[in-house]
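Chemist: Numbering (my numbering), first residue to last: -19 to 333.
Please read through the structure below; I'll follow up with questions.
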Ligand SMILES: *[C@@H]1O[C@H](CO)[C@@H](O)[C@H](O)[C@H]1NC(C)=O
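Spelled out as structure tokens, the structure:
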């Protein structure tokens, strides 16, 4: 499920003999990846892919953001003890920095979407300092906004005294395009581009371009094709890359309660049964369509199911989209994503201009 290549592995594609150690490493790698990814295809199993619950990190990390308004945008961050790297997060269209942390007295406007907040918790648990910025418009733009956000990141890194640490970035959808371009302005040690193919046809890729991980949902076939095309471009340029494919998985009665803070088992099960009765999920629990396309909120009203907080409908929709696996932010592969970042940390340091 995950293909990796760097300049030392060119023998793979040229049909020459591959050293035994390399073969062994590849097999181990593939086994690990299959272990992580393939659970998504097993209808009866929810363990594995969905092992992380919303409160899985309770005993080790707490969300505790600092919020600042700068250059007319929100900058929200959290730095763990002894950070080893800095992670810049770029949301997708309609997203904002506030989606990555739970609502709290320190961040009353925060939203805490289930996948976003788990990405931050994973990051903090792995000792990455996290900084998120909101786009000026609904989506990111690629002109002045690049300079502005690059400037904010540099300012923030300096202010926090983190200049010596490697910098990585993760962007989803519009944020993925943004990160692919920002990587020509800032020195990232590696980047992860989620559910986006990046803007590789529009940027100048030098040999310093960071190793790039594509985290995508192959059900989106057109995008998968564009990612494949971009992998070819990166291969030609000698840039390391890897790919994580995220597959659909079945809903279970407890899924929403497991993933969404403030949604209990009872409502979670009621929703599951409603979705099944309405035919939103098939007999094995798989979503028949994207959460955005199903009239599930109307169905909720009809059955008079009342959410403890109506804002939770965004959280529910995110999980439905994730289960359908066409286009959504995902934290399910955070383990592999942070392994990827960590494997490239020595590559470079942030250089402040
Ligand atoms: C961002 O704000 C800082 C401090 O107010 C200012 O010095 C800087 O020029 C601004 N950057 C841009 C690109 O507007």
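All C-beta atoms, glycine included, are put in the ideal place defined by N, C-alpha and C.
For the alpha helix (DSSP H) containing residue 136, list its first residue and its last residue.
Modeler: The residue labelled residue 136 in the question sits at position 156 within the chain shown. Looking at the DSSP string, the run of the alpha helix (DSSP H) that includes residue 136 is 124 to 139.
Chemist: Under the three-state reduction of DSSP, which class applies to residue 284: helix, strand or coil?
Modeler: Working through the chain shown from its first residue, we reach residue 284 at position 304. Residue 284: coil per DSSP, three-state reduction.
Chemist: At a threshold of 8 Å, does residue 131 count as lining ligand 1 (C-beta to nearest heavy atom)?
Modeler: Here residue 131 is taken as the residue at index 151 of the chain shown, counted from 1. Yes, ligand 1 has a heavy atom inside 8 Å of this Cβ.
Chemist: Which residues in the same chain as residue 102 place their Cβ atom closer than 7 Å to its Cβ, once the five residues preceding and following it in sequence are excluded?
Modeler: In the chain shown, the residue the question calls residue 102 occupies position 122. Excluding residues within five positions, the ones whose Cβ falls inside 7 Å are 311, 314 and 318.
Chemist: Return the bridge partner residues of residue 223 from the DSSP annotation.
Modeler: Within the chain shown, the letter at position 243 stands for residue 223. Answer by DSSP bridge pairing, in chain order: 194.
Chemist: What's the gap between the Cα of residue 281 and the Cα of residue 294?
Modeler: For the purposes of this step, residue 281 is taken as the residue at position 301 of the chain shown. For the purposes of this step, residue 294 is taken as the residue at position 314 of the chain shown. In a straight line, the C-alpha of residue 281 is about 15 Å away from that of residue 294.
Chemist: Who are the near neighbours of residue 37 in its chain, counting only those whose CB is closer than 7 Å to its CB and skipping five residues on each side?
Modeler: Here residue 37 refers to the residue found at position 57 of the chain shown. Within the same chain, residue 37 has close Cβ partners 101 and 105.
Chemist: Going by other Cβ atoms of all chains shown within 10 Å of its Cβ, with 16 needed for buried, is residue 298 buried or exposed?
Modeler: For the purposes of this step, residue 298 is taken as residue 318 along the chain shown, with counting starting at 1. Burial call: buried.
Chemist: Would you mind sorting residue 17 into buried or exposed? The rule is 16 or more other CB atoms within 10 Å of its CB.
Modeler: Against the chain shown, residue 17 aligns to sequence position 37. Low per-residue confidence applies at residue 17: pLDDT is 38, beneath 50, and the placement is therefore not dependable, though the value from the model is reported in the following sentence. Looking at its Cβ environment, which holds 16 or more other Cβ atoms inside 10 Å, residue 17 is buried.
Chemist: Can you grab the Cα-Cα spacing for the pair residue 161 / residue 183, in whole Å?
Modeler: Indexing the chain shown from 1 puts residue 161 at position 181. Indexing the chain shown from 1 puts residue 183 at position 203. Each residue's alpha carbon lies about 7 Å from the other.
Chemist: Since residue 197 and residue 303 should fall inside the 8 Å C-beta cutoff, what is the C-beta to C-beta distance between them, to a whole number of angstroms?
Modeler: As a position in the chain shown, residue 197 is number 217, starting the count at 1. As a position in the chain shown, residue 303 is number 323, starting the count at 1. About 11 Å; that fails the 8 Å criterion.
Chemist: Beta carbon of residue 60, beta carbon of residue 108: below 9 Å?
Modeler: Translated into positions along the chain shown, residue 60 becomes position 80. Translated into positions along the chain shown, residue 108 becomes position 128. The Cβ atoms of residue 60 and residue 108 sit closer than 9 Å to each other.
Chemist: Rounded to a whole number of angstroms, what is the C-alpha to C-alpha distance between residue 132 and residue 145?
Modeler: Reading the chain shown from its first residue, position 152 is the one you call residue 132. Reading the chain shown from its first residue, position 165 is the one you call residue 145. The straight-line gap from Cα to Cα measures roughly 16 Å.
Chemist: Counting pairs of beta carbons, one from the region 82 to 95 and one from the region 116 to 131, are three or more of them closer than 8 Å?
Modeler: no
Chemist: In angstroms, rounded to a whole number, what distance separates the CA positions of residue 244 and residue 237?
Modeler: The residue labelled residue 244 in the question sits at position 264 within the chain shown. The residue labelled residue 237 in the question sits at position 257 within the chain shown. For residue 244 and residue 237, the gap between their C-alpha atoms comes out near 5 Å.
Chemist: DSSP three-state label for residue 76, please.
Modeler: Counted from its first residue, the chain shown places residue 76 at position 96. Of the three classes helix, strand and coil, the one that applies to residue 76 here is coil, per DSSP.
Chemist: Give me the Cα-Cα distance between residue 251 and residue 229, rounded to the nearest whole angstrom.
Modeler: If you number the chain shown from 1, residue 251 lands on position 271. If you number the chain shown from 1, residue 229 lands on position 249. Their backbone Cα atoms lie some 17 Å apart in a straight line.
Chemist: State the start and end residues of the unbroken alpha helix (DSSP H) segment that holds residue 43.
Modeler: Within the chain shown, the letter at position 63 stands for residue 43. Annotation for residue 43: no alpha helix (DSSP H) segment contains it, and DSSP assigns it neither H nor E.
Chemist: Can you tell me whether residue 202 is buried or exposed? The criterion is at least 16 other CB atoms within 10 Å of its CB, across all chains shown.
Modeler: In the chain shown, the residue the question calls residue 202 occupies position 222. It is exposed - the Cβ of residue 202 has fewer than 16 other Cβ atoms within 10 Å.
Chemist: DSSP on residue 58, reduced to helix/strand/coil?
Modeler: As a first step, residue 58 must be located in the chain shown, where it is residue number 78. Strand at residue 58.
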